[in-house]
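Comments concern the structure below.
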Amino acid sequence: MAKYTDVDGAMFSKRPISRNDSERLDVEAGDDPHLSVHISFMEAAVAAGMIIAHADGNASISEHRRIINLFKQHPVLRSFAVDDVAREMETHVIAFAADEATADQNAERRIADANLTAAQFDALLGMCRSVLEADGVSNPKEVAALVRISTMRAV
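Letter by letter, the sequence shown follows residues 1 to 155 of the UniProt record's numbering.
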């Protein structure tokens, strides 16, 4: 399995992105009857974090690390393997590199379509605030992205 090493030497496994969720996720469906809800939450949380990370045009490794660490700490999201989160992040990295506007719209759609509970949406916003602070710079574009994300919860 290939390894990705960032400039600070942190390492995590990277597997090819699969098109099939059942192949892609290391979480077994039998482990949790609400897996599809958790998958939507995971995908929305990654999408939101990546919107913040890419808002200033320069997603830093500290922002990517922050997303991974936030997943490790969250009571529901920590059930996903780091590989799963990294693969989901990689889809956004590739999309933002190809076309920022389209990637941003697709990430927003992922959040809007997730049908998150109020608690999940609050957790997502908390993660966004943490990603915003990860590189030590509060960029106005990142703040604007956070404000935009905060309006996405359907009532």
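Note that beta-carbon positions come from the ideal geometry of N, C-alpha and C, so glycine has one too. Owing to the predicted nature of the structure, the values given are computational and were not obtained by experimental measurement.
(1) At what residues does the alpha helix (DSSP H) containing L70 begin and finish?
(2) I'd like to confirm something about R65: is its beta-carbon nearer than 6 angstroms to some heavy atom of the ligand MG, or not?
(3) Please tell me whether I51 and A134 are closer than 7 angstroms, where the distance is taken between their beta carbons.
(4) Going by other Cβ atoms of all chains shown within 10 Å of its Cβ, with 16 needed for buried, is G49 buried or exposed?
(5) To the nearest whole angstrom, what separates the beta carbons of L124 and L132, a pair I think is in contact under 8 angstroms?
(6) Taking just the CA atoms, how far does F96 sit from K141?
(7) Any idea what DSSP makes of A101, helix, strand or coil?
(8) Measure the C-alpha to C-alpha separation of S60 and A86 and round it to an integer number of angstroms.
(9) Going by beta-carbon coordinates alone, are E63 and A53 separated by less than 7 angstroms?
(10) State the DSSP-derived secondary structure class of N58, mapped to helix, strand or coil.
(11) Can you tell me the Cα-Cα spacing of A144 and T102, whole angstroms?
(12) Starting from F121, trace the alpha helix (DSSP H) in both directions and tell me its first and last residue.
(13) Using the rule of at least 16 other Cβ atoms within 10 Å of the residue's Cβ for burial, across every protein chain shown, is D56 buried or exposed?
(14) Could you tell me the alpha carbon to alpha carbon distance between H74 and R148, rounded to whole angstroms?
The structure says:
(1) By 1-based counting over the sequence shown, the position of residue 70 is 70. Per DSSP, L70 belongs to the alpha helix (DSSP H) from I61 to Q73.
(2) Within the structure as shown, the ligand MG is missing, as the structure has no ligands at all.
(3) As a working note, residue 51 is residue 51 in the sequence shown. As a working note, residue 134 is residue 134 in the sequence shown. Going by C-beta atoms, I51 is not nearer than 7 angstroms to A134.
(4) As a first step, residue 49 is located in the sequence shown; it is residue number 49 there, counting from the start. Buried is the call here.
(5) As a first step, residue 124 is located in the sequence shown; it is residue number 124 there, counting from the start. As a first step, residue 132 is located in the sequence shown; it is residue number 132 there, counting from the start. At roughly 13 angstroms, the Cβ-Cβ gap does not stay under 8 angstroms, so L124 and L132 are not in contact.
(6) Translated into the one-based positions of the sequence shown, residue 141 becomes position 141. Translated into the one-based positions of the sequence shown, residue 96 becomes position 96. Roughly 15 angstroms separates the two Cα atoms.
(7) Your numbering for residue 101 matches position 101 in the sequence shown. Reduced to three states, the DSSP call for A101 is helix.
(8) Residue numbering aside, residue 60 sits at position 60 when the sequence shown is read from its first letter. Residue numbering aside, residue 86 sits at position 86 when the sequence shown is read from its first letter. Cα to Cα, S60 sits roughly 14 angstroms from A86.
(9) To locate residue 63, count along the sequence shown from 1; it is residue 63. To locate residue 53, count along the sequence shown from 1; it is residue 53. Yes, the pair counts as a contact, with Cβ atoms nearer than the cut-off.
(10) Mapped onto the sequence shown, residue 58 falls at position 58. DSSP places N58 in coil when its eight states are reduced to three.
(11) The count along the sequence shown starts at 1 and reaches residue 144 at position 144. The count along the sequence shown starts at 1 and reaches residue 102 at position 102. Answer to the nearest angstrom: the Cα atoms are 17 angstroms apart.
(12) Position 121 of the sequence shown holds residue 121. Segment A118 to E133, the alpha helix (DSSP H) holding F121.
(13) As a first step, residue 56 must be located in the sequence shown, where it is residue number 56. By the 10 Å Cβ count, D56 comes out buried.
(14) Sequence index remark: in the sequence shown, residue 74 carries index 74 (1-based). Sequence index remark: in the sequence shown, residue 148 carries index 148 (1-based). Each residue's alpha carbon lies about 23 angstroms from the other.
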